[in-house]
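Contents: one structure, followed by commentary.
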Amino acid sequence: MNRLVWLIALLIGAPAQAQFKLPDLNINKLIDTAKGVVKATREIDENEEIAIGSDVAARLLGAAPLMNDLRVQRYVNNVGRWLATQSERPDLPWHFGVMDAPQLNAFAVPGGTIFITRGLLEKMHSEAELAGVLSHDLKAIQKGALAHLSAGAAGAALSNVNSEARNKLVAFGTEMYSRGLDKGDEFEADRLGVVIAARGGYDTYGLPAVLQSLQGMNAKDSAVALMFKTHPAPGERLDTLAAKMQPVLDSYSSQPQLRERFAMETKAAR
Amino acid sequence: MRLLILALLFPLLAHAEPATVIRATELKSAPATDASTVAQLAENAAVEALERQGGWTRVKAAEGEGWVKLLALRYGGPGSAKKGDTGIAQIFNVARTGSSGTQVTTGVRGLDEEKLANAQPNPAELEKLNHFAVQPAAAAGFAAKGKLSAHEVEYPK
Chain A
1 MNRLVWLIAL
11 LIGAPAQAQF
21 KLPDLNINKL
31 IDTAKGVVKA
41 TREIDENEEI
51 AIGSDVAARL
61 LGAAPLMNDL
71 RVQRYVNNVG
81 RWLATQSERP
91 DLPWHFGVMD
101 APQLNAFAVP
111 GGTIFITRGL
121 LEKMHSEAEL
131 AGVLSHDLKA
141 IQKGALAHLS
151 AGAAGAALSN
161 VNSEARNKLV
171 AFGTEMYSRG
181 LDKGDEFEAD
191 RLGVVIAARG
201 GYDTYGLPAV
211 LQSLQGMNAK
221 DSAVALMFKT
231 HPAPGERLDT
241 LAAKMQPVLD
251 SYSSQPQLRE
261 RFAMETKAAR
Chain B
1001 MRLLILALLF
1011 PLLAHAEPAT
1021 VIRATELKSA
1031 PATDASTVAQ
1041 LAENAAVEAL
1051 ERQGGWTRVK
1061 AAEGEGWVKL
1071 LALRYGGPGS
1081 AKKGDTGIAQ
1091 IFNVARTGSS
1101 GTQVTTGVRG
1111 LDEEKLANAQ
1121 PNPAELEKLN
1131 HFAVQPAAAA
1141 GFAAKGKLSA
1151 HEVEYPK
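Residue numbers (our numbering), protein chains in the order written: chain A, 1 to 270; chain B, 1001 to 1157.
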């Protein structure tokens, strides 16, 4: 099922990619090659997904490094790994990182890596809110919503394109984070993310609470400009959650929020 | 003693935000549907959001204090000045955290589109990322400490 989503994502993603020009690289030809390989095999190997994801993660870390604080990094990994255990892909090599950037954002990288920024962490009030955001991104990875980022690159790697071309495709994949994903995929990741948070035993209103905080910010504020450009408006996401998830939200809303633990463990970020 | 009271009040004050109710809503005396109703809030009534508990937010309204459904609230009241930008918020951030990180002089440094477009791989940071990872057993222990218990929840149809 997951593989099928990948293939579809690749095919849908291709036209958008074709419009994008990089110097010294014929993207269209590489995409065609990748499509050919993927079509032929009907499957992208999980190891390949992990390898490409790791390359994309290294690029993102070139844009903003990790916060230099073991305590906060371990904490976010504990929350994230616990939630990943409740998901359909518990065996991926999950990695979570807090990037040292004041902007508010989060990035789901194929292969099981999730970054959130210090700016976003600062805006949160509880572990349940952190869990809500991480669960959204966990689902984004699982549903293959990001697959088109890596599918072209994975196909290129499979067909033995030279490493320089592969590097450029990874750079291109990283740059896709400036473009955003399909709105419907974002709404779906919100809904399914709420379920993951509920399974992990967290107060399900964590994600809505974060969305509400974001919704109160000025979209023109440079701290949220990129995130607002690449995601549906927070108010719209809240409306969609209210319309479809009220029963699940209310059934698990009395689970722990863990405000104190969050405050204690993320001190370095605020 | 006074200090203690201040310390207890501070988190609430820090989180008070102007908000609006997006539909006519009952202001409840407690965070529950069957709690008594303090007042009826009209659509677009301006309130001050104080704290959250589950799906409820405690608010201060002209009619008094009480609880409304979180999903009935939107932050930033009508006509209320929203947080401006001009980089001041960022500078404030730096001053407040005391860590300049990657942003040094202006408010627009850090993780933006340009940075993403020009990013070069940073293998040293990737290695750190790998180092921070935790194993499932450790994460389960961490969850138990927080009294989090896993259970089955189906995806909505």
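Glycine is no exception: its CB is placed at the ideal position from the N, C-alpha and C atoms.
Name the one or two DSSP bridge partners that A:Gly132 has. Per DSSP, none; premise fails for A:Gly132.
Candidates A:Asp137, A:Leu241, A:Met176: closest to A:Lys229 by CA position: A:Met176
Please work out which residues of its chain come closer than 6 Å, Cβ to Cβ, to A:Lys21, disregarding the five sequence neighbours upstream and downstream, and give them in chain order. Interpretation of A:Lys21 is limited by its pLDDT of 41, a score under 50 that renders its predicted location unreliable; the figure taken from the coordinates is listed afterwards. Here the set comprises nothing.
Evaluate the contact criterion for the stretch 106-113 of chain A versus the stretch 69-82 of chain A: three or more CB pairs, one atom per stretch, below 8 Å. no
Determine, using beta carbons only, whether B:Val1068 comes closer than 9 Å to chain A. no
B:Asp1034: which of B:Lys1069, B:Ala1124, B:Leu1050 sits nearest, CA to CA? B:Lys1069
Please classify B:His1131: does DSSP put it in a helix, a strand, or coil? helix
Mind checking whether A:Leu258 and A:Pro208 have CB atoms under 9 Å apart? no
Three-state secondary structure (DSSP) at B:Ala1032? coil
Which same chain residues, not among the five before or five after A:Ala223, have their C-beta less than 8 Å away from its C-beta? Pro102, Gln103, Leu104, Gly119, Met217
Since A:Leu66 meets chain B, which of its residues come closer than 9 Å, beta carbon to beta carbon? Glu1125, Lys1128, Leu1129, Phe1132
Give a yes or no on whether 9 Å exceeds the smallest Cβ distance from B:Ala1035 to chain A. no
Along the beta strand (DSSP E) that carries A:Ile116, what are the first and last residues, could you check? 113-117
Is the Cβ of A:Pro232 closer than 9 Å to any Cβ of chain B? no
Distance, Cα to Cα, A:Glu49 vs B:Ala1016? 44 Å
Once DSSP output is grouped into helix, strand and coil, what is the label at B:Ala1144? helix
Tell me which residue opens and which closes the alpha helix (DSSP H) that A:Tyr177 is part of. Looking at the DSSP string, A:Tyr177 is not in any alpha helix (DSSP H), and its letter there is neither H nor E.
Leaving out the 5 sequence neighbours to the left and right, which residues in its chain are closer than 6 Å to A:Glu129 when beta-carbon positions are compared? Gly206, Ala209, Val210
Using the Cβ count rule (16 or more neighbours within 10 Å means buried), how would you classify A:His125? buried
Quick one: using the 10 Å Cβ neighbour count with 16 as the cut-off for buried, is B:Lys1157 buried or exposed? exposed
Counting only C-beta atoms, is A:Ala57 closer than 9 Å to chain B at any point? yes
Is B:Glu1043 close to chain A, meaning its C-beta is less than 9 Å from at least one C-beta of that chain? no
The beta strand (DSSP E) that contains B:Thr1020, what's its start and end? 1017-1021
State yes or no: is the beta carbon of A:Asp203 nearer than 9 Å to at least one beta carbon in chain B? yes
Please tell me whether, using a cut-off of 8 Å, the distance from the CB of B:Arg1023 to the nearest non-hydrogen atom of the ligand NAD is below it. This structure does not include the ligand NAD; it has no bound ligands of any sort.
Alpha carbon to alpha carbon, what distance is there between A:Glu127 and A:Arg261? 7 Å
For B:Glu1065, the nearest candidate out of B:Ala1119, B:Gly1141, B:Ala1039 (CA to CA): B:Ala1039
By DSSP, does B:Val1153 sit in helix, in strand, or in coil? coil
Output needed for A:Phe96: all residues of its chain with C-beta closer than 6 Å, excluding positions within five of it in sequence on either side, in chain order. Val76, Asn77, Gly80, Ile114
Burial state of B:Glu1152, where buried means 16 or more other Cβ atoms lie within 10 Å: exposed
Can you name the start and end residues of the beta strand (DSSP E) that B:Gln1040 belongs to? 1037-1041
Do A:Gln255 and B:Leu1148 come within 9 Å of each other at the CB atom, strictly closer than that value? yes
In three-state terms, what does DSSP make of A:Met67? coil
Ordered along the chain, which non-local residues of its own chain (more than five positions away) have a Cβ less than 7 Å from that of A:His231? Gly180, Glu186
Just the chain A side, please: which residues come within less than 7 Å of B:Glu1017 by C-beta, in chain order? Gly216
Start and end residues, alpha helix (DSSP H) containing A:Leu207: 206-215
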